[in-house]
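Sequence order for the protein chains is A and B.
Letter by letter, the first sequence follows residues 649 to 788 of the numbering used here.
Letter by letter, the second sequence follows residues 72 to 716 of the numbering used here.
Note that beta-carbon positions come from the ideal geometry of N, C-alpha and C, so glycine has one too.
Since the structure is predicted, the reported quantities are computational estimates derived from the model, not experimental observations.
In what follows, a structure is listed as structure tokens, so that the remarks can point back to it.
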Amino acid sequence: MDSCTLPGVAEELLREIRKAFQETSQAEMFSCRLKFIFGPSAVPALDLVDQRSVTRLRSPSGRILYQVLGSSGKLYTCYSSCHFCTCPAFGFSVLQKSESLLCKHILAVYLSQAMGACQELAVSEEQLTNILLAEEEDEG
Amino acid sequence: LCRGGLAERLCRLQNRERSAISFWRHQCLSGDRIPSDKSGVLIVKILEIFEECTIQVAICQQLEQSPATLSPEDAVINAEEPILKVLFTRETAAHLKSRPQDVIHIYPPWQKLLIQNADVPVIMNTYFSQKVLLSEHSEAREKTYGLTKMLIRKNIISLAQTFRLDDVNDKLHQESSDNQVPCAPQTHKNGDSQRRPLALSAVNDSLLEMVESQGAVGWREVQVQVVIQRVYCLPAREGYRSHTQGNKPLLSNGGMFCRLCLLVQDAYGMFSEVQLQSLSSTDGIEQYCRRWEGKSCCLAGMKILQRTTRGRALGLFSLIDIVPVKVPGQSQDSEMMTTNLPPPSFCYILTVQSGEIHVEVDEEEQISNLYQPPAVHGLKEILRIDGCNERCSFWGQVLYQRLQTKHSVPIDQREMLLFVTDSTLQNVAHGIPKVVAVSVTASCVLSMEITEALSAGSQLFFKDALWGNGRIICVERTVLLLQKPLLCSAAGADLSELTGPVRLDELDSTTQASSICALRGTVVGVNESTAFSWPTCNRCGNGKLEVCPQDRELLYCNQCSEVVTAPVLKMQLEVFLSCPSRPQSTVKVKVWHEITMFVLLTMLLFLQTYEVQSVLGKEVGLLSCYVHSITSHPNCVALEEIVLL
Numbered sequence: 649m650d651s652c653t654l655p656g657v658a659e660e661l662l663r664e665i666r667k668a669f670q671e672t673s674q675a676e677m678f679s680c681r682l683k684f685i686f687g688p689s690a691v692p693a694l695d696l697v698d699q700r701s702v703t704r705l706r707s708p709s710g711r712i713l714y715q716v717l718g719s720s721g722k723l724y725t726c727y728s729s730c731h732f733c734t735c736p737a738f739g740f741s742v743l744q745k746s747e748s749l750l751c752k753h754i755l756a757v758y759l760s761q762a763m764g765a766c767q768e769l770a771v772s773e774e775q776l777t778n779i780l781l782a783e784e785e786d787e788g
Numbered sequence: 072l073c074r075g076g077l078a079e080r081l082c083r084l085q086n087r088e089r090s091a092i093s094f095w096r097h098q099c100l101s102g103d104r105i106p107s108d109k110s111g112v113l114i115v116k117i118l119e120i121f122e123e124c125t126i127q128v129a130i131c132q133q134l135e136q137s138p139a140t141l142s143p144e145d146a147v148i149n150a151e152e153p154i155l156k157v158l159f160t161r162e163t164a165a166h167l168k169s170r171p172q173d174v175i176h177i178y179p180p181w182q183k184l185l186i187q188n189a190d191v192p193v194i195m196n197t198y199f200s201q202k203v204l205l206s207e208h209s210e211a212r213e214k215t216y217g218l219t220k221m222l223i224r225k226n227i228i229s230l231a232q233t234f235r236l237d238d239v240n241d242k243l244h245q246e247s248s249d250n251q252v253p254c255a256p257q258t259h260k261n262g263d264s265q266r267r268p269l270a271l272s273a274v275n276d277s278l279l280e281m282v283e284s285q286g287a288v289g290w291r292e293v294q295v296q297v298v299i300q301r302v303y304c305l306p307a308r309e310g311y312r313s314h315t316q317g318n319k320p321l322l323s324n325g326g327m328f329c330r331l332c333l334l335v336q337d338a339y340g341m342f343s344e345v346q347l348q349s350l351s352s353t354d355g356i357e358q359y360c361r362r363w364e365g366k367s368c369c370l371a372g373m374k375i376l377q378r379t380t381r382g383r384a385l386g387l388f389s390l391i392d393i394v395p396v397k398v399p400g401q402s403q404d405s406e407m408m409t410t411n412l413p414p415p416s417f418c419y420i421l422t423v424q425s426g427e428i429h430v431e432v433d434e435e436e437q438i439s440n441l442y443q444p445p446a447v448h449g450l451k452e453i454l455r456i457d458g459c460n461e462r463c464s465f466w467g468q469v470l471y472q473r474l475q476t477k478h479s480v481p482i483d484q485r486e487m488l489l490f491v492t493d494s495t496l497q498n499v500a501h502g503i504p505k506v507v508a509v510s511v512t513a514s515c516v517l518s519m520e521i522t523e524a525l526s527a528g529s530q531l532f533f534k535d536a537l538w539g540n541g542r543i544i545c546v547e548r549t550v551l552l553l554q555k556p557l558l559c560s561a562a563g564a565d566l567s568e569l570t571g572p573v574r575l576d577e578l579d580s581t582t583q584a585s586s587i588c589a590l591r592g593t594v595v596g597v598n599e600s601t602a603f604s605w606p607t608c609n610r611c612g613n614g615k616l617e618v619c620p621q622d623r624e625l626l627y628c629n630q631c632s633e634v635v636t637a638p639v640l641k642m643q644l645e646v647f648l649s650c651p652s653r654p655q656s657t658v659k660v661k662v663w664h665e666i667t668m669f670v671l672l673t674m675l676l677f678l679q680t681y682e683v684q685s686v687l688g689k690e691v692g693l694l695s696c697y698v699h700s701i702t703s704h705p706n707c708v709a710l711e712e713i714v715l716l
């Protein structure tokens, strides 16, 4: 009983959404559960999905990065290999206070994947690297 | 938020949930003990608690029955009892203040989740939970505990663990149906509809929540209470092929096959179009309207066909917009208050699940106060409406009917043009037309009774026709009825019968093509090349008579299978008139024999003498005509004489 429960629950929920969406093109039935698990991130994340704000960037070598157009117009970067987002809410709620599992952008990335709502963009290796480095510069 | 999007949907759900939750908390605090023997209640005993993010995870033992029957000392974990992981939100946890050994009652609608490769089921959406105190001992203990803060272990979640959405072993339906187990706990196999302890009625009253909790697979046992706003028929395109015999469509009973549909509304302003059974004819639609509109009904056994938005279903939403947005008032027996909330931007289209229909309409009951009856207006008012795509209802006299005659279009898809008037148009001197054209598209399903009534020229009630761009159109969801519905708000409309003969606008410079008008003028010419006459059967009107083989001087009618002794002569002639009301145009009128006495005499005269001179200068007075076309270069109006119904 020592391992964490919540990630398994969240993953299962997202899987169900994806399955339901593939079968019926509807992801209607899960909003309540999303709200329960993800709390205040749920509605903003769904809104980002409604607005098709998530883009998956892919480089020739197969590296993947996600960019989410936030409501303020700012572009945030989410990693695919671990849960990380460049938005301030992630730094605060997830990293510092461990209050949330994900920020709304990462949740939007998952939901967009589940519902086939990701925009796809092929970029060069250099472009991908620049995006990653640019984030670093901002932090620095 | 995106209108009609998933976020808006969740927001609506959330708002309702929030008020339900706070009501529940209030009830718990005020000490009302809610009986726990209702079905759907999960009873658990907490063994261990820890925290992950803001969710409290409680490892629990599921209890079969109310622990009041067990001795309080019974703290031994029975290996037989199933273990559950119950999740609580921060607020619920704060409300419960649970500790190990506490017994919690969790009321529906909670949800159960089974995770792949994990043994222990997870219980979520546990908003409606209450701690149960077993004895006086417990109460005292509770008070002491309340003062000390319990330390709960917090699990920190690794960021390295991402979620994998695709399944390597993708089992289809089996898996998803296993995981999507709704409220009913496994120990209770009854198929009772869920009962929320707070609900005033046993049946759920929210369409959105029902859709939410049961999934696209459909809900069987759960019932939703709604109000029927409208009943209508939609043309059934899918079922059409199966009813055809060979290539010729089976057009029994006046036309197309259709589905009976209801536009329903729940107590929260959510709409849904429910498609019921296929009908072979729309006879009886008037009955359904009369018996069902405005009444409450319970829906069960439905499944979701589609979620549609305002942008994609303008016709449906123009009907929904008739109903003003109201919210339930604050008090118990509240009046509905009209608000400034925006009208709904999405709705669900539901359909019947595999042959079983459960629509129980409470016909005896009162009309719901949510019902918005059709607002009837005089045609004069409708012509003045500013908007576009507005639904309007009126009572009108049909003067003339014209079918679209393109032969390439199949019968069931032909449009019809009706010319309609009422006392509000007839009794006005100038400024507005006396007759208005109403087009009836093929998607507006007409019953046999109506089709017959149209040819006979009756007064009909047009319910929910569309007004826009200066035209009235009967489309999908418009219903034509022989009688005015019992409930309709007349809003001062003059629905009196027409007194006196109907008058048409006279042909003038404002006359448009595809309209009807009255005409008077002088004959100035005859189109001799198109003049002809032919005999018709005096019994059946058949125009294709044959020469009798026995006696070549007699005519024979195939349809009557008899000799025609007194054939009726029909004539067709195009006459050019000079009309004082539109002096600059050449007016060409196709006239038919047997319509007006004057024309008959004139034509007989013409044919006998074959002298155009004999008809020139004759006055032709007040013919009713249909305007075929109006051209400006050359300035010519082509009309056809008609008979008003």
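message = Any beta carbon of chain A sitting closer than 9 Å to that of B:V345?
response = Working through the second sequence from its first residue, we reach residue 345 of chain B at position 274. Judged by the 9 Å Cβ criterion, B:V345 is not in contact with chain A.
ask   = B:F342 touches chain A at which residues, Cβ-Cβ below 9 Å?
value = As a first step, residue 342 of chain B is located in the second sequence; it is residue number 271 there, counting from the start. Within chain A, not a single residue places a beta-carbon under 9 Å from that of B:F342; the smallest gap is close to 15 Å.
inquiry  = Out of B:K659, B:Q336, B:L716, B:I420, which one is the CA nearest neighbour of B:P572?
reply    = On the second sequence, position 501 is the one that residue 572 of chain B refers to. The candidate whose alpha carbon is nearest that of B:P572 is B:L716.
ask   = Cβ of A:R706 less than 9 Å from any chain B Cβ?
value = Looking up residue 706 of chain A in the first sequence gives position 58. Not closer than 9 Å to any Cβ of chain B, the Cβ of A:R706 fails to qualify, so no.
Nearest-angstrom Cα separation, counted from B:V509 out to A:G687 = Walking along the first sequence from the start, residue 687 of chain A turns up at place 39. Walking along the second sequence from the start, residue 509 of chain B turns up at place 438. The alpha-carbon atoms of A:G687 and B:V509 are separated by roughly 53 Å.
ask   = Under 9 Å between the Cβ atoms of B:L236 and A:R663?
value = Taking the second sequence and counting its residues from 1, the one referred to as residue 236 of chain B is at position 165. Taking the first sequence and counting its residues from 1, the one referred to as residue 663 of chain A is at position 15. Yes; because the gap between Cβ atoms is below 9 Å, this pair is in contact.
message = Run through chain B and tell me which residues come within less than 8 Å of A:S679, C-beta to C-beta.
response = Along the first sequence, one-based indexing puts residue 679 of chain A at 31. Ordered by position in chain B, the residues that pass the 8 Å Cβ test against A:S679 are L77, R80, L81, L84, E283.
inquiry  = Give the list of continuous beta strand (DSSP E) stretches no shorter than 3 residues that lie fully inside the segment 339–395 of chain B.
reply    = 342–350, 367–371, 373–380
query = Is B:M195 buried or exposed, if buried means 16 or more other CB atoms sit within 10 Å of its CB?
reply = As a working mapping, residue 195 of chain B is identified with position 124 in the second sequence. Counting Cβ neighbours within 10 Å, B:M195 comes out buried, since at least 16 surround it.
query = So what does A:T725 bridge to, in DSSP terms?
reply = Translated into the one-based positions of the first sequence, residue 725 of chain A becomes position 77. Paired residue(s): A:Q715.
ask   = Between which two residues does the alpha helix (DSSP H) harbouring B:S580 extend?
value = On the second sequence, residue 580 of chain B is found 509 positions in, with the first residue counted as 1. No alpha helix (DSSP H) holds B:S580; DSSP gives it neither H nor E.
ask   = B:M373 CB to nearest chain A CB: under 9 Å?
value = In the second sequence, residue 373 of chain B corresponds to position 302, counting from 1. No, no contact with chain A.
key: Straight-line Cα distance separating B:M373 from B:S349   = One-based indexing of the second sequence puts residue 349 of chain B at position 278. One-based indexing of the second sequence puts residue 373 of chain B at position 302. The straight-line gap from Cα to Cα measures roughly 15 Å.
ask   = CA-CA distance, B:S656 and B:T702?
value = Here residue 656 of chain B corresponds to residue number 585 of the second sequence, with the count starting at 1. Here residue 702 of chain B corresponds to residue number 631 of the second sequence, with the count starting at 1. The alpha-carbon atoms of B:S656 and B:T702 are separated by roughly 9 Å.
Residues that A:K636 contacts on chain B, provided the C-beta gap is smaller than 9 Å = Chain A is shown only over 649 to 788; residue 636 of chain A falls outside these bounds and no answer can be derived.
inquiry  = Give me, in chain order, the residues of the same chain whose beta-carbon lies closer than 8 Å to that of A:R711; leave out the 5 immediate sequence neighbours on both sides.
reply    = Here residue 711 of chain A is taken as the residue at index 63 of the first sequence, counted from 1. Taken in chain order, the residues that qualify are E773, L776.
query = So, helix, strand or coil for A:E773, using DSSP?
reply = Counting from 1 along the first sequence, the entry for residue 773 of chain A is found at position 125. Helix, per DSSP.
Inter-residue Cα distance where the pair is B:G365 and B:E434 = Start at 1 with the first residue of the second sequence, and residue 365 of chain B comes out as number 294. Start at 1 with the first residue of the second sequence, and residue 434 of chain B comes out as number 363. Whole-angstrom Cα-Cα distance: 9 Å.
ask   = For the beta strand (DSSP E) that B:Q85 lies in, which residues bound it at each end?
value = On the second sequence, position 14 is the one that residue 85 of chain B refers to. For B:Q85, no beta strand (DSSP E) encloses it; the enclosing alpha helix (DSSP H) starts and ends at 77–100.
inquiry  = I need the DSSP call for A:K745, collapsed to helix, strand or coil.
reply    = Locating residue 745 of chain A in the first sequence gives position 97, counting from the first residue. Here DSSP, grouped into helix, strand and coil, assigns A:K745 to coil.
key: Sequence-distant residues of its chain with Cβ nearer than 7 Å to B:L390 (five each side left out)   = Against the second sequence, residue 390 of chain B aligns to sequence position 319. Excluding residues within five positions, the ones whose Cβ falls inside 7 Å are R301, L334, R462, D535, R548.
task = Consult DSSP for B:L141 and reduce its assignment to one of helix, strand or coil.
result = As a first step, residue 141 of chain B must be located in the second sequence, where it is residue number 70. The predicted model places B:L141 with a pLDDT of 46, which falls under 50 and marks its position as unreliable, so this point remains unresolved.
key: Cut-off 6 Å between Cβ atoms - residues of its own chain near A:A770, not counting five sequence neighbours on either side   = What you label residue 770 of chain A is simply residue 122 of the first sequence in a count that begins at 1. For A:A770, where only same-chain residues beyond five positions count, the Cβ hits under 6 Å are R706.
key: Alpha-carbon to alpha-carbon, B:R330 and B:S529   = What you label residue 529 of chain B is simply residue 458 of the second sequence in a count that begins at 1. What you label residue 330 of chain B is simply residue 259 of the second sequence in a count that begins at 1. Looking at the two C-alpha atoms, the distance is approximately 26 Å.
Residues in the segment 752–779 of chain A having any Cβ partner in chain B nearer than 8 Å = Y758, Q761, A762
query = When DSSP labels each residue in this structure, what does B:T657 get in the three-state scheme?
reply = Reading the second sequence from its first residue, position 586 is the one you call residue 657 of chain B. Note: B:T657 maps to strand in three-state DSSP.
inquiry  = Against chain A, does B:Q232 count as a neighbour if the rule is that its beta carbon must be under 9 Å from one of theirs?
reply    = Translated into positions along the second sequence, residue 232 of chain B becomes position 161. Yes, because at least one Cβ of chain A sits closer than 9 Å to the Cβ of B:Q232.
ask   = In chain A, which residues lie with their C-beta within 7 Å of the C-beta of B:A189?
value = On the second sequence, residue 189 of chain B is found 118 positions in, with the first residue counted as 1. Those are G656, listed as they occur along chain A.
request  = Using alpha carbons as the reference points, say which of A:K745, A:Q744, A:S709, A:L713 lies closest to A:F753.
outcome  = Numbered from 1 along the first sequence, position 105 holds the residue referred to as residue 753 of chain A. First, the residue type needs correcting, since residue 753 of chain A is His and not Phe in the sequence shown. Ranking A:K745, A:Q744, A:S709, A:L713 by Cα distance to A:H753 puts A:L713 first.
query = chain C partners of A:Q699, CB-CB under 7 Å?
reply = In summary, chain C is missing from the structure at hand, where the protein chains are A and B.
query = In three-state terms, what does DSSP make of B:E123?
reply = The residue labelled residue 123 of chain B in the question sits at position 52 within the second sequence. It is a strand residue.
request  = Could you tell me whether any Cβ in chain A is nearer than 9 Å to the Cβ of B:Q182?
outcome  = For the purposes of this step, residue 182 of chain B is taken as residue 111 along the second sequence, with counting starting at 1. With 9 Å as the cut-off, B:Q182 counts as an interface residue toward chain A.
Proximity to B:C332 [Cα-Cα], best of B:Y339, B:L347, B:P444, B:A338 = Taking the second sequence and counting its residues from 1, one reaches residue 332 of chain B at position 261. Distances from the alpha-carbon of B:C332 to those of B:Y339, B:L347, B:P444, B:A338 put B:L347 closest.
message = Closest to B:I375 by C-alpha separation, out of B:E344, B:I393, B:N226, B:S367, would be which residue?
response = Mapped onto the second sequence, residue 375 of chain B falls at position 304. When each option's Cα is compared against that of B:I375, the closest is B:E344.
ask   = So, does the CB of A:A690 fall closer than 9 Å to a CB anywhere in chain B?
value = Walking along the first sequence from the start, residue 690 of chain A turns up at place 42. For A:A690, the answer is yes, since a Cβ of chain B falls inside 9 Å of its Cβ.
request  = Using DSSP bridges, identify the partner residues of A:L705.
outcome  = Working through the first sequence from its first residue, we reach residue 705 of chain A at position 57. In DSSP, A:L705 forms a bridge with A:L713, A:L769.
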